[in-house]
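Heads up, the thing below is written out as structure tokens.
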Amino acid sequence: MAHPKRKHSKTRRDKRRTHYKAVMPALGVCSNCGSSIRLHTVCDECGHYRGKLAVEKEVTA
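If you count the sequence shown from 1, you need to add 233 to reach my numbering.
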């Protein structure tokens with residue numbers, strides 16, 4: 234298995250790790266109910282996508 238001939242410095246290690254970061258998901262507002270949703274997905278609250286009913290939601294009483 235390959236192994237380094239010389240030790241990598243902390244600076245070099247940290248420069249490589251600068252791109253390891255969390256990405257915030259793109260959020261939008263449902264056009265039907267106004268709840269916050271991830272873009273390009275069906276609304277969890279009402280089941281609508283781009284103004285049309287995509288998923289039938291059961292009514293809980």
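Ideal Cβ positions, reconstructed from N, Cα and C, are used throughout, including at glycine. Bear in mind that the values here come from a model prediction, so they are computed numbers and not experimental data.
Can you tell which of the options has its C-alpha closest to the C-alpha of residue i?
{"i": "leucine 214", "options": "His241, Tyr253, Val288 and His273", "result": "The structure shown has nothing for residue 214, since the chain only spans 234 to 294."}
{"i": "cysteine 266", "options": "Pro237, Thr244 and Leu286", "result": "Leu286"}
{"i": "glutamate 291", "options": "Glu278, Gly284, Tyr282 and Arg249", "result": "Glu278"}
Within 10 angstroms of its Cβ, does residue i collect 16 or more other Cβ (buried), or is it exposed?
{"i": "threonine 276", "result": "Note on residue identity: the sequence assigns cysteine, not threonine, to residue 276. With 16 or more other Cβ atoms within 10 Å, it is buried."}
Would you please state the rounded distance, in angstroms, between the beta carbons of residue i and residue j? I believe it to be under 8 Å.
{"i": "serine 264", "j": "glycine 284", "result": "5 Å"}
Step through the CB atoms of chain D and report whether any lies within less than 8 Å of the CB of residue i.
{"i": "leucine 272", "result": "In the structure shown, chain D does not exist; there is a single protein chain."}
- prompt: Residue ranges of each beta strand (DSSP E) run of no fewer than 3 residues wholly in the segment 237 to 269, ordered along the chain?
  reply: 260 to 262
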